[in-house]
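Below: one structure, written as structure tokens.
Chains as they are written, first to last, in the working numbering: chain S, 96 to 211; chain X, 96 to 211; chain P, 96 to 211; chain C, 96 to 211; chain Y, 96 to 211; chain B, 96 to 211.
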């Protein structure tokens with residue numbers, strides 16, 4: 096992996112703050128709406144984070160996968176459940192997603208080490 | 096919608112059979128694997144069908160959305176829960192998914208009419 | 096083309112209303128935010144509609160292309176300017192966008208006939 | 096299928112001509128370059144048409160698939176060879192490509208009927 | 096960011112030269128056509144560079160975004176105008192584009208530092 | 096390039112083993128099916144590896160491109176033939192694939208140095 100989880104999280108929060116400080120109302124509102132999409136509604140947050148993980152995997156965005164892997168662990172999904180969700184993404188998205196699945200497994204190892 | 100649900104399902108099962116009859120072992124195995132991905136494992140089928148719906152929506156495949164909308168209804172997800180899942184897809188995938196969300200709403204109406 | 100411009104617009108406004116009536120707050124807010132993204136800001140609406148057209152073309156969404164072609168004509172972009180923008184999309188997105196460029200030309204003919 | 100092969104080909108050549116007549120030099124050159132990409136070079140045309148078919152399938156463009164299926168038949172690829180190429184696309188691109196593979200099989204049936 | 100702007104530009108021009116030296120006529124012509132797409136036509140270069148930026152963002156290509164951010168600054172688009180264009184891309188492309196928007200903001204900081 | 100070929104191959108085989116050891120039957124089967132897709136069938140392995148390269152390029156996956164570049168060299172495709180295949184991908188996929196074509200040329204240099 097090019098970047099540790101801590102480095103990713105530092106860059107992410109630093110740049111989110113810089114985007115926020117640029118004072119573009121549309122961007123601020125979209126960031127808020129993105130946050131709200133995972134809050135409890137007809138579906139609970141736990142289910143929605145798994146949806147976010149699968150969406151991120153089929154769209155092949157490593158940073159988004161990392162973010163949702165952390166959130167899925169926080170919401171109580173087990174390693175085996177996360178892998179089962181990644182398998183749905185792998186079948187839907189095909190072998191082109193394999194490099195992202197590899198990096199997801201490396202991130203899971205990192206997340207598990209932090210939580211151990 | 097260009098096609099009714101019944102027309103979609105007829106074409107789908109007809110062509111699946113034709114693909115099966117072409118006797119390409121790799122394709123047959125992939126179709127089987129695709130089916131198995133939604134069978135109960137660490138996650139239950141109900142959860143996996145919702146993952147399939149969101150994956151299909153962010154990847155913008157109307158036929159795949161139709162298929163998973165039918166399966167989500169069969170698995171017991173309510174209209175409001177399906178809409179909440181589509182909202183996650185809409186936020187992840189952006190306004191480019193809106194035409195697919197429109198067609199998903201039209202399909203839901205059709206599915207509900209059949210089940211009424 | 097499978098659908099006339101009038102048929103597209105009828106289906107679009109009908110389904111937008113149905114989505115609105117489903118009362119999902121997140122979806123309502125996203126639709127509002129999508130609308131606001133094209134309102135005057137640091138850039139004017141005219142420029143933003145051309146950005147929307149090019150984004151829709153490289154992402155290969157016919158309905159989105161149709162919508163922005165209508166809006167670009169309303170905002171005063173000439174046929175030759177729209178074609179020049181489509182050319183940027185064609186070069187960025189490659190020959191896979193050609194079928195969408197063909198349908199864009201057919202839609203432009205329809206839009207010009209309405210405005211004649 | 097929404098459209099017959101003959102209808103597709105009529106619309107395609109009509110719109111290609113309209114695009115040509117719009118006299119945008121960049122578009123004209125890109126269409127020429129697209130044509131030249133499949134002419135004999137270090138690789139022969141036959142091999143390149145199969146590459147075009149697989150690229151079109153993983154990018155999920157039905158019109159492009161139809162075009163290359165016709166060309167692959169003209170270049171002498173057998174039905175079983177085309178299916179083997181579609182299988183590579185299916186594995187690379189995942190189940191999201193299945194609806195396009197179904198339509199490819201329907202088109203092959205149509206192409207074979209014309210050549211019978 | 097994995098790479099500084101200077102490192103990106105060095106690798107870019109080095110590899111462009113290597114591609115040019117490979118003497119593939121089709122590639123050479125495409126590179127020329129890509130360059131010409133942003134030259135003044137029915138639209139001016141300034142507008143076209145903004146189109147290129149939005150196309151690059153919704154297609155989620157960091158190198159392409161970097162290139163067009165530099166060009167947009169050279170063409171005279173202000174920081175607030177570039178952010179307004181990125182917002183159109185964010186709304187069209189959804190939250191999956193956020194990591195690219197973050198890196199775009201980091202690049203803008205780098206470009207501004209060079210021009211200060 | 097962020098990573099040498101040797102580093103890529105070490106990470107790839109390490110993570111493939113970790114995925115295998117996670118004992119998810121669906122994933123194991125998909126990895127096997129992915130391997131089999133390139134074995135001789137109606138098409139030979141050499142042709143299929145070129146299909147894999149073009150599919151990887153239009154879908155813009157650097158790791159997949161690296162993998163198939165190595166395999167294409169092993170199967171006996173010459174540098175000029177690989178470049179001709181990349182040109183098909185470039186025309187189909189557009190200028191958004193250029194950064195990946197640049198990295199493909201850098202990888203080819205690395206592969207040729209190893210084989211020299």
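We put the beta carbon where it would ideally sit given N, CA and C, even for glycine.
Separation of residue j from residue i, as counted between CA atoms
| i | j | result |
| --- | --- | --- |
| residue 163 of chain C | residue 171 of chain S | 48 Å |
| residue 130 of chain C | residue 140 of chain C | 11 Å |
| residue 168 of chain P | residue 181 of chain P | 14 Å |
| residue 132 of chain S | residue 134 of chain Y | 42 Å |
| residue 47 of chain P | residue 147 of chain P | The structure shown does not extend to residue 47 of chain P, since chain P is modelled only from 96 to 211, so the question has no answer here. |
| residue 98 of chain P | residue 207 of chain P | 17 Å |
| residue 189 of chain Y | residue 156 of chain P | 15 Å |
| residue 186 of chain S | residue 187 of chain C | 10 Å |
| residue 110 of chain S | residue 137 of chain P | 21 Å |
| residue 211 of chain P | residue 145 of chain B | 51 Å |
| residue 112 of chain S | residue 112 of chain C | 51 Å |
Cβ-based burial, residue i [other Cβ within 10 Å; buried from 16]
| i | result |
| --- | --- |
| residue 195 of chain X | buried |
| residue 108 of chain S | exposed |
Cβ pair residue i, residue j closer than 8 Å
| i | j | result |
| --- | --- | --- |
| residue 165 of chain S | residue 143 of chain X | no |
| residue 151 of chain S | residue 160 of chain S | yes |
| residue 158 of chain Y | residue 200 of chain Y | no |
| residue 128 of chain C | residue 125 of chain Y | yes |
| residue 114 of chain P | residue 202 of chain X | no |
| residue 117 of chain C | residue 193 of chain P | no |
Own chain partners of residue i with C-beta closer than 7 Å, once the 5 adjacent residues on each side are dropped
| i | result |
| --- | --- |
| residue 175 of chain P | none |
| residue 149 of chain X | 180, 183, 184 |
| residue 122 of chain Y | 114 |
Nonlocal neighbours in the same chain, by C-beta distance under 8 Å from residue i, ignoring five residues either side
| i | result |
| --- | --- |
| residue 153 of chain Y | 184, 187, 188, 192 |
Residues of its chain near residue i, where Cβ-Cβ distance is below 6 Å and the 5 sequence neighbours each way are ignored
| i | result |
| --- | --- |
| residue 106 of chain P | none |
| residue 205 of chain C | 100 |
The ligand NAP heavy atom lying under 7 Å from the CB of residue i
| i | result |
| --- | --- |
| residue 123 of chain C | Ligands in the displayed structure: none, and consequently the ligand NAP is not present. |
Test: residue i CB closer than 8 Å to a CB of chain E
| i | result |
| --- | --- |
| residue 178 of chain S | No chain E appears in this structure, whose protein chains are S, X, P, C, Y and B. |
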